[in-house]
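Protein chains: 2
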Amino acid sequence: MKKTSILNKLRSSGLRPTKQRVEIAKFLFNRDKTFHFTVESLGKHLAKKTTTKFALATIYNTVHAFKKAGHLSEVHLRGKNNTTYFDTNISNHHHFYDSETSELIDINDNEIKFDKIPKAPNGKTIKNLEVIINLKN
Amino acid sequence: MKKTSILNKLRSSGLRPTKQRVEIAKFLFNRDKTFHFTVESLGKHLAKKTTTKFALATIYNTVHAFKKAGHLSEVHLRGKNNTTYFDTNISNHHHFYDSETSELIDINDNEIKFDKIPKAPNGKTIKNLEVIINLKN
DNA sequence: ACTTACTTTAGAACTATTATAAACTTTAAA
DNA sequence: TTTAAAGTTTATAATAGTTCTAAAGTAAGT
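Line order of the protein sequences matches chains Z and P. Counted the way numbering that gives the first Met the number 0 counts, the first sequence spans residues 0 to 136. Counted the way numbering that gives the first Met the number 0 counts, the second sequence spans residues 0 to 136.
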């Protein structure tokens, strides 16, 4: 992804392309494979790869802004470390979770097929369905 | 469940039947239907239903002891309120989650059937599989 | 350049949870 | 039954992840 398209991505989401946002966006979106991270791990990666300074609050703000804009998704998993995982894969998909390493691995939507799904209770509707497959060694 | 069987349950789990543990066990296990709770909500229920005093730490300790003994399970869901949910249903099963009400509803194992499941990566094995069906109104 | 609105920042505040250590109970042996 | 050891409860402190605050800095349009 070119720099201009990063700028467009930010601007079209109503986010001013500040130094911090551009760096974070480049780090997160200029890659082929899905990337899973926590705010803390993202901060460490940024510190290694860039010379820009990032306040922790900025990383939180930016990640939430990207999520709100639909560029990131949050994994609704309570892992053992009690931190929130984010995912650069925003398509409908599922996850393997290894609690020993706290590692997430994507599962494409087409790798899981259902034969039977219960219908939603009361007057509710199904919004989406998330599968976590827990791993052991 | 009779009082004696509550006492047996505790004793056979290596837990001394203290006043607090007995009250919590009676509250949690003397019921027909599955019960979902957070430590905070359990504390409120206990305050209403009993005259016994419970320090917050005791509720945490007891819930974890019950979980370790296999009498409770933890739902690995990061809900919007960021608290841990526990479940008196310890059989293999799944959940509906309504993020507006923060309510969990059990889905029996036999209400979901899979046609296709990916195989575990690397040298890993599948420990278990959890489905969360998110609801909306 | 100037002004306004938006952002970043450091640190305080907040919330869920775990740790600590003293007081209290349970247990089982004498 | 007393009594001592081991386990438990309690209030409070500590911790960890996250959000809030308000002051200083930056981007965008005039």
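For glycine and all other residues, C-beta sits at the position ideal for the given N, C-alpha and C.
* **C-beta atoms of Lys123 (chain P) and Ser98 (chain P) nearer than 8 Å** => The beta carbons of Lys123 (chain P) and Ser98 (chain P) sit no closer together than 8 Å.
* Asked: Given Thr82 (chain P), which residues of its chain have a CB within under 8 Å of its CB, disregarding the five upstream and five downstream residues?
  -> Setting aside the 5 residues that flank it on each side, Thr82 (chain P) is surrounded in the same chain by Thr37, Val38, Glu39, each with a C-beta closer than 8 Å to its C-beta; the list follows chain order.
* Of all the CB atoms in chain Z, is at least one closer than 8 Å to the CB of Lys135 (chain P)? -> At least one chain Z Cβ lies under 8 Å of Lys135 (chain P).
* Contact set between Gly28 (chain Z) and chain P, taken where Cβ atoms lie within less than 9 Å -> Note on residue identity: the sequence assigns Phe, not Gly, to residue 28 (chain Z). The CB of Phe28 (chain Z) never comes closer than 9 Å to any CB in chain P; the least such distance is about 24 Å.
* How many angstroms separate the CA atom of Leu134 (chain Z) from the CA atom of His93 (chain P)? -> C-alpha separation (whole angstroms): 17 Å.
* Phe26 (chain Z) and Lys48 (chain Z): beta carbons closer than 8 Å? -> Contact annotation: Phe26 (chain Z) and Lys48 (chain Z) have beta-carbon atoms nearer than 8 Å.
* **Contact under 8 Å by Cβ, Pro51 (chain P) with Gln19 (chain P)** => It is Thr, not Pro, that sits at residue 51 (chain P) in the sequence shown. Judged by their CB atoms, Thr51 (chain P) and Gln19 (chain P) are nearer to each other than the 8 Å cut-off.
* Under 9 Å from the C-beta of His44 (chain Z): neighbouring residues of chain P -> Going along chain P, no residue has its Cβ under 9 Å from His44 (chain Z), so there is no contact; the nearest lies around 22 Å.
* Asked: What does DSSP give as the partner residues of Tyr96 (chain Z) in its beta bridges?
  -> Tyr96 (chain Z) is bridged to Z:Leu103, Z:Asn133.
* What is the rounded straight-line gap between the Cα of Lys32 (chain Z) and the Cα of Ser12 (chain Z)? -> The straight-line gap separating the alpha-carbon atoms of Lys32 (chain Z) and Ser12 (chain Z) is approximately 23 Å.
* Residue nearest to Arg10 (chain P) in terms of C-alpha spacing, selected from P:Phe65, P:Lys118, P:Leu45 -> Selected option, being the one with the closest Cα: P:Phe65.
* Members of the region 119-131 of chain P near chain Z, C-beta cut-off 7 Å -> Listed by position, the residues of the region 119-131 of chain P near chain Z (Cβ gap below 7 Å) are Ala119, Pro120, Gly122, Lys123, Thr124, Ile125, Lys126, Asn127, Leu128, Glu129, Val130, Ile131.
* Can you name, in chain order, every residue of its own chain whose Cβ lies under 8 Å from the Cβ of Leu45 (chain P), other than the five neighbours on each side? -> Excluding sequence neighbours, Leu45 (chain P) sits near Glu22, Ile23, Phe26, Thr51, Phe53, Ile58.
* **Which of helix, strand or coil DSSP assigns to Asp31 (chain P)** => Coil at Asp31 (chain P), not helix or strand.
* Below 7 Å between beta carbons is the criterion; list the residues of the region 74-106 of chain P that meet it against any residue of chain Z, in chain order. => Going along the region 74-106 of chain P in chain order, one finds His75, Leu76, Arg77, Thr83, Phe95, Asp97, Ile104, Ile106 with a Cβ nearer than 7 Å to chain Z.
* Asked: Just the Cα atoms here: how many angstroms apart are Thr215 (chain P) and Thr3 (chain P)?
  -> The structure shown does not extend to residue 215 (chain P), since chain P is modelled only from 0 through 136, so no value can be given for it.
* **Start-to-end residues for the beta strand (DSSP E) that takes in Ser90 (chain Z)** => No beta strand (DSSP E) contains Ser90 (chain Z), which DSSP labels as neither H nor E.
* Between Leu6 (chain Z) and the rest of its own chain, which residues show a CB-CB distance below 6 Å, the 5 nearest in sequence each way excluded? -> Taking C-beta separations shorter than 6 Å and ignoring five residues to either side along the sequence, the partners of Leu6 (chain Z) in its chain run Pro16, following chain order.
* **CB contact flag (Leu71 (chain Z), Asp86 (chain Z), <8 Å)** => Yes, these two residues count as a Cβ contact at 8 Å.
* Which partner residues does Glu73 (chain P) have in the DSSP bridge list? -> Glu73 (chain P) pairs with P:Phe85.
* **Straight-line gap, Asn29 (chain Z) to Phe95 (chain Z) (C-alpha atoms, nearest Å)** => Roughly 23 Å separates the two Cα atoms.
* Run down chain P in chain order and give the residues with a C-beta less than 7 Å from the C-beta of Phe36 (chain Z). => None at all; the shortest Cβ gap to chain P is about 15 Å.
* Residues of its chain near Asp108 (chain Z), where Cβ-Cβ distance is below 8 Å and the 5 sequence neighbours each way are ignored -> Sequence-distant partners of Asp108 (chain Z) (beyond 5 residues in either direction) whose C-beta falls short of 8 Å from its own C-beta, in its chain, are Ser90, Asn91, His92, His93.
* In whole angstroms, what is the alpha-carbon distance linking Asn127 (chain P) and Val74 (chain P)? -> About 13 Å.
* Residue of P:Ala119, P:Lys118, P:Asn136 minimising C-alpha distance to Thr100 (chain P) -> Comparing Cα-Cα distances from Thr100 (chain P) to each of P:Ala119, P:Lys118, P:Asn136, the minimum goes to P:Asn136.
* In whole angstroms, what is the alpha-carbon distance linking Lys112 (chain Z) and His63 (chain P)? -> About 35 Å.
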